[in-house]
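Peer 1: Here the sequence shown is numbered in the numbering used here, starting from 326 and rising by one per residue.
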Amino acid sequence: MKLNDDGYRRPFLNPLFRDKPVADARRSDAFAKACPALNLDIRPYKTERYDPIWGELKETFTGYASDPEIRRNGSSGGVLSALAQYCLEQGLVDGVVEVRASTINPLENIAVVSRSRKHIIASCGSRYAPASAAEALAFIASGEEKFLFIGKPCEAAAVRQVQAEDPRLRENIPYILSFMCAGTPSLRGTDELLEQLEVPREELASFRYRGDGWPGKTQAVLKNGERRTMTYNESWGKVLNRHLQTRCKICPDGIGEFADIVCADGWEASGDGYPTFEEADGQSLILVRSDQGQKLFGNARAAGVVIAEDMEPAEIRKIQPFQYYRRTTIVARLLAMKLLRLKTPSYKGFELGKGLREIGLYQSFRAFAGFLVRRKKIKKRQLELA
Ligand SMILES: Cc1cc2nc3c(=O)[nH]c(=O)nc-3n(C[C@H](O)[C@H](O)[C@H](O)COP(=O)(O)OP(=O)(O)OC[C@H]3O[C@@H](n4cnc5c(N)ncnc54)[C@H](O)[C@@H]3O)c2cc1C
326 MKLNDDGYRR PFLNPLFRDK PVADARRSDA FAKACPALNL DIRPYKTERY DPIWGELKET
386 FTGYASDPEI RRNGSSGGVL SALAQYCLEQ GLVDGVVEVR ASTINPLENI AVVSRSRKHI
446 IASCGSRYAP ASAAEALAFI ASGEEKFLFI GKPCEAAAVR QVQAEDPRLR ENIPYILSFM
506 CAGTPSLRGT DELLEQLEVP REELASFRYR GDGWPGKTQA VLKNGERRTM TYNESWGKVL
566 NRHLQTRCKI CPDGIGEFAD IVCADGWEAS GDGYPTFEEA DGQSLILVRS DQGQKLFGNA
626 RAAGVVIAED MEPAEIRKIQ PFQYYRRTTI VARLLAMKLL RLKTPSYKGF ELGKGLREIG
686 LYQSFRAFAG FLVRRKKIKK RQLELA
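(1) Return the Cβ separation of valine 484 and phenylalanine 474 in integer angstroms, given the expectation that the two are a contact with Cβ distance under 8 Å.
(2) Could you tell me if glutamate 582 is buried or exposed, where buried requires 16 or more neighbouring beta carbons within 10 angstroms of its beta carbon?
(3) So for cysteine 479, helix, strand or coil by DSSP?
(4) Based on DSSP bridge pairs, tell me the residues matched to tryptophan 561.
(5) What are the start and end residues of each continuous beta strand (DSSP E) run of 3 or more residues lying completely inside the region 600-675, in chain order?
(6) Give the range of the alpha helix (DSSP H) segment to which aspartate 516 is assigned.
(7) When you compare each of Arg334, Val656 and Ser671 to alanine 694 by their alpha carbons, which one comes out closest?
(8) Short of 6 Å in beta carbon distance, which residues of its chain neighbour serine 531, apart from the five on each side in sequence? Order them along the chain.
(9) Does the separation of the CB atoms of isoleucine 680 and isoleucine 378 fall below 9 Å?
(10) Helix, strand or coil: which one does DSSP assign to lysine 705?
(11) Identify which residue in Arg651, Leu665 and Ala359 has its Cα closest to the Cα of arginine 691.
(12) So, helix, strand or coil for alanine 456, using DSSP?
(13) Could you please give me the residues that DSSP links to isoleucine 586 through a beta bridge?
(14) Quick check on DSSP: helix, strand or coil for threonine 428?
(15) What is the C-beta distance between tyrosine 389 and isoleucine 632, in whole angstroms, given that I count them as a contact (C-beta under 8 Å)?
(16) Would aspartate 331 be called buried (16 or more neighbouring beta carbons within 10 Å of its own) or exposed?
(17) Compute the Euclidean distance between the alpha carbons of arginine 699 and arginine 567, then round it to the nearest angstrom.
(18) Please classify glutamate 480: is it buried, with 16 or more other beta-carbons within 10 angstroms of its beta-carbon, or exposed?
(19) Shorter than 8 Å, the distance from the beta carbon of asparagine 558 to the closest heavy atom of ligand 1, or not?
(20) Using the rule of at least 16 other Cβ atoms within 10 Å of the residue's Cβ for burial, across every protein chain shown, is lysine 668 buried or exposed?
(21) Would you mind giving the Cβ-Cβ distance between aspartate 354 and proline 638, rounded to the nearest angstrom? I have them listed as a contact below 8 Å.
(22) How many angstroms separate the CA atom of serine 511 from the CA atom of leucine 328?
(23) In terms of residues, what are the limits of the alpha helix (DSSP H) holding tyrosine 370?
(24) Taking 8 Å as the cut-off, is the C-beta of valine 676 nearer than that to any heavy atom in ligand 1?
(25) For aspartate 590, verify whether its CB is less than 8 Å away from any heavy atom of ligand 1.
(26) When every heavy atom of ligand 1 is checked, does at least one fall within less than 8 Å of the C-beta of phenylalanine 583?
(27) For isoleucine 727 versus threonine 372, is the C-beta spacing smaller than 9 Å?
(28) Whether or not the region 585-592 and the region 550-567 are in contact is what I'm after, with contact meaning three or more pairs of Cβ atoms, one per stretch, closer than 8 Å; do they touch?
(29) Answer with buried or exposed for isoleucine 363, where buried requires no fewer than 16 other C-beta atoms within 10 angstroms of its C-beta.
(30) Could you tell me which residues DSSP puts in a beta bridge with threonine 543?
Structure (structure tokens):
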């Protein structure tokens, strides 16, 4: 995966494989089935309990990591990192595949294998820029070691779908964890943040989007030790979310349906139903989706690694209004894309029509028209630049 000129990561064919047609045919077939930008098929992982908005739910909780350092460094309640640390400690896996900022270039996100609590804490927090945890798959497939995989919902889907084609990956990745995702912003979004903070790239020593509290500030540390910050609401709410890639805007799975366990921000809704984003001790929303996830979460909870309280699934909508809105308006946006003759991915089994019926015609029409207007503006800007 490489960054393109628009600041997004895209797959490029490794020239080393170009002359191997037999392997290529097999690989490209598996790739087409697994790539979430082309294909998402949830049918093999559904039961009759499937919820058309929130997917397969075995249990729902709110909670946080009992380890205070993990909770503080975590993006929300540090639950993903606490579960990863538990799996390492118990010997359930040999390593955790996740993403962290490169120590050489603080704006580059790299896929890493964490093998200690120190590594896991270094990978805590959300990186709101392109990242490819699934890059580690070639390494995982080459050995016998077992891994817990943490990635965005699209990466969890890629791993689950490629596992269906590859028994070695099925064996070597016993757990897949994910988080709710509103979309990946282009690296240009981060450039805009640095501009607002008046930090030249070459003077940057480290950069975090959030964490170190909840939601925690966006923080640039300069090589001379100076710190510049802005709030989560300013960075995500006013800059980063304007740089999302098109695929994320038509994603039916911002909620991690292919993972065993999914975490999200356990925001408190304010009067208008939207979160207040006021600083507090980290709190996660936790969705347990599979038998494997249920066993892992139950054991980690019983061991006191995660502190959790039961939550009614009906409450999720209040905590995650954006995810509810996007899921129920996907059909409208897909129709707008088809009208514009843009290529759309194949989504199977998500019962998106039920979402459309739930949100109603008025909101669907707004989403449909909004998509068309935004595309028109982008096209106009591209023409001006050309
Ligand atoms: C692009 C993006 C969009 C998000 N959108 C939402 C949303 O709409 N609603 C919501 O509630 N939460 C969203 N989150 C998730 C939220 O910020 C927390 O990650 C989630 O609550 C889990 O918190 P935690 O404290 O358990 O995670 P932590 O314990 O801090 O663990 C975070 C894990 O995520 C991995 N990670 C971080 N960034 C990336 C990345 N870009 N790609 C792959 N892996 C990564 C880290 O390596 C680490 O393993 C988003 C996160 C990202 C990165």
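Glycine included, every Cβ here is placed at the ideal spot set by N, Cα and C.
Peer 2: So, to answer that:
(1) The residue you call residue 484 lines up with position 159 of the sequence shown. The residue you call residue 474 lines up with position 149 of the sequence shown. About 5 Å separates the two Cβ atoms, so the contact holds.
(2) Here residue 582 refers to the residue found at position 257 when the sequence shown is read from its first residue. Classification for glutamate 582: buried.
(3) Translated into positions along the sequence shown, residue 479 becomes position 154. Helix.
(4) As a working note, residue 561 is residue 236 in the sequence shown. In the DSSP output, where bridge partners are listed per residue, tryptophan 561 has none listed.
(5) 609-613, 631-635 and 671-673
(6) Counting from one through the sequence shown, the residue named residue 516 turns up at place 191. Taken as a continuous stretch (DSSP letters only), the alpha helix (DSSP H) holding aspartate 516 covers 512-522.
(7) Counting from one through the sequence shown, the residue named residue 694 turns up at place 369. The shortest Cα separation from alanine 694 among Arg334, Val656 and Ser671 belongs to Val656.
(8) Here the question's residue 531 lines up with position 206 in the sequence shown. Only Pro431 and Val546 meet the Cβ criterion.
(9) Stepping through the sequence shown from its first residue, residue 680 is reached at position 355. Stepping through the sequence shown from its first residue, residue 378 is reached at position 53. Per the sequence shown, the amino acid found at residue 680 is glycine instead of isoleucine. Closer than 9 Å, so yes.
(10) Translated into the one-based positions of the sequence shown, residue 705 becomes position 380. Looking at lysine 705 - three-state DSSP - the assignment turns out to be helix.
(11) One-based indexing of the sequence shown puts residue 691 at position 366. Per the Cα distances, Arg651.
(12) Indexing the sequence shown from 1 puts residue 456 at position 131. The answer is coil: DSSP assigns alanine 456 none of H, G, I, E or B.
(13) Numbered from 1 along the sequence shown, position 261 holds the residue referred to as residue 586. Answer is Leu502 and Val613, bridged to isoleucine 586.
(14) Residue mapping note: residue 428 aligns to position 103 of the sequence shown, counting from 1. In the structure shown, threonine 428 sits in coil (DSSP, three-state: anything other than H, G, I, E or B).
(15) Against the sequence shown, residue 389 aligns to sequence position 64. Against the sequence shown, residue 632 aligns to sequence position 307. The pair is a contact, with the Cβ atoms about 6 Å apart (cut-off 8 Å).
(16) Here residue 331 corresponds to residue number 6 of the sequence shown, with the count starting at 1. Classification of aspartate 331: exposed, given that the 10 Å Cβ count is below 16.
(17) The count along the sequence shown starts at 1 and reaches residue 699 at position 374. The count along the sequence shown starts at 1 and reaches residue 567 at position 242. Between arginine 699 and arginine 567, the C-alpha separation is close to 11 Å.
(18) Taking the first residue of the sequence shown as 1, we reach residue 480 at position 155. Label assigned to glutamate 480: buried.
(19) Position 233 of the sequence shown, counted from the first residue, corresponds to residue 558. No, since every heavy atom of ligand 1 falls outside the 8 Å radius drawn around the Cβ of asparagine 558.
(20) Locating residue 668 in the sequence shown gives position 343, where the first residue counts as 1. It is exposed - the Cβ of lysine 668 has fewer than 16 other Cβ atoms within 10 Å.
(21) Here residue 354 refers to the residue found at position 29 of the sequence shown. Here residue 638 refers to the residue found at position 313 of the sequence shown. Not confirmed; about 37 Å, so no contact.
(22) On the sequence shown, position 186 is the one that residue 511 refers to. On the sequence shown, position 3 is the one that residue 328 refers to. Rounded to whole angstroms, serine 511 to leucine 328 spans 9 Å at the Cα level.
(23) On the sequence shown, position 45 is the one that residue 370 refers to. Per DSSP, tyrosine 370 belongs to no alpha helix (DSSP H) and is neither H nor E.
(24) Counting from 1 along the sequence shown, the entry for residue 676 is found at position 351. With the sequence shown as reference, residue 676 is identified as glutamate, and valine is not the correct amino acid for it. Because no heavy atom of ligand 1 lies under 8 Å away, the Cβ of glutamate 676 does not count as near it: no.
(25) Counting from 1 along the sequence shown, the entry for residue 590 is found at position 265. Yes, ligand 1 has a heavy atom inside 8 Å of this Cβ.
(26) One-based indexing of the sequence shown puts residue 583 at position 258. Phenylalanine 583: no, Cβ never under 8 Å from ligand 1.
(27) This structure gives no information on residue 727, because the portion of the chain shown stretches from 326 to 711.
(28) no
(29) The count along the sequence shown starts at 1 and reaches residue 363 at position 38. First, the amino acid is wrong: residue 363 is leucine here, not isoleucine. Answer is exposed; the Cβ neighbour count stays below 16.
(30) Residue mapping note: residue 543 aligns to position 218 of the sequence shown, counting from 1. DSSP lists Met555 as partners of threonine 543.
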